[in-house]
Amino acid sequence: MRWVLSLIIALACTAAARGEDEPWVAPMKQVHAKFTGKAGAFAQFGDSITVTMAYWAPLRYERKGMDPAGQKAFDLVNPYMLKDCWDKWKGPDYGNNGSMTIRWADENVDRWLKKLNPEVVLIMFGTNDLNQLKIDEYEQKTRAVVRRCLDNGTVVILSTIPPRSGKLEQCREFAGVVKKIGGDMKTPVVDYFGQCLKRRPEDWDGTMAKFKDGDKDVYQVPTLISKDGVHPSNPKKFAGDYSEEGLRSNGFALRNYLTLVAYADVIEKVLK
């Protein structure tokens, strides 16, 4: 019987290595089978935290202190993704713009899908929704946007929002909805909210008194959320720094890293 147990363990390990233990792998392969566009087309739908050039584009140029997992992910993404997706797919025509909510995505996603026909899309709305939508509408419209992407043959990666000063529990609730949708619809989820709290559980908030001195630029604060309490930080000291210290001191570096690893995971387990 011992050899049977060893065989079961070996098969389980092999399946895990192939990604078969991920509940989204097989469903996303089925979605990708319907895809008719260009391989490597990677869109990002979101608000000001997505349209900014501090998000995604810097990875192409500098990756100081990046760990082996991150470097492996970059080495997979860089030759696969269409080059314009690093920095040209920015603005309203590409599904990202400041001050927007999931309502805007719900109204425009069909147009974006027709124009871009992305192979993969990362979706992160919610920061502006906190003040404008009730949680039920946020969930309903997020599900609708995800469904239309999947029906297009586009693999979806969902992302939770970062924590916001004075609205931590509401952010937690919105993040929980995103994770629930990801589980129900079998899509990968980047838990940006959870990672921010994991890395800076006590002082993620740049509005705290301890961060009031120094540079007046709201982004120049050595924690994960800027002095405005809303946007990820981007301190020059940790620009392009993906070391452990960088990932707990630069909010955009952390988001870039998490997106990179998630997209590489999809390339490896679904697209190839």
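All residue numbers for the sequence shown refer to this note's numbering, where the first residue is 70 and numbers rise by one.
We treat Cβ as the ideally placed atom computed from N, Cα and C, and that holds for glycine.
Values in this document were obtained by computation on a predicted structure and should not be read as measured data.
{"query": "Where Gln289 falls: helix, strand or coil (DSSP)", "result": "coil"}
{"query": "Beta-carbon spacing of Leu329, Ala126 below 9 Å", "result": "no"}
{"query": "Same chain, Cβ closer than 6 Å to Ala244, five either side skipped, listed in chain order", "result": "Thr229, Phe262"}
{"query": "Residue span of the beta strand (DSSP E) that contains Gly115, given as start and end", "result": "111 to 115"}
{"query": "Buried or exposed by the 16-neighbour rule on C-beta atoms within 10 Å, applied to Ala138", "result": "exposed"}
{"query": "Met254: first and last residue of the uninterrupted alpha helix (DSSP H) it sits in", "result": "237 to 254"}
{"query": "Under 9 Å between C-beta atoms of Arg132 and Gly309", "result": "yes"}
{"query": "6 Å Cβ shell around Ser295 - same chain, five flanking residues per side excluded", "result": "Gly275, Val287, Tyr288, Ser302"}
{"query": "Val314 versus Asp260 - alpha carbon distance", "result": "According to the sequence displayed, residue 314 carries Glu and not Val. So the alpha carbons of these two residues sit roughly 19 Å apart."}
{"query": "Classification of Met122 by the beta-carbon crowding that lies within 10 angstroms, buried from 16 upward", "result": "exposed"}
{"query": "Neighbour-count burial assignment, Asn165, 16 or more Cβ in a 10 Å radius", "result": "buried"}
{"query": "Reduced DSSP secondary structure (H/G/I, E/B, other) of Asp310", "result": "strand"}
{"query": "Ile171 (DSSP reduced to helix, strand or coil)", "result": "helix"}
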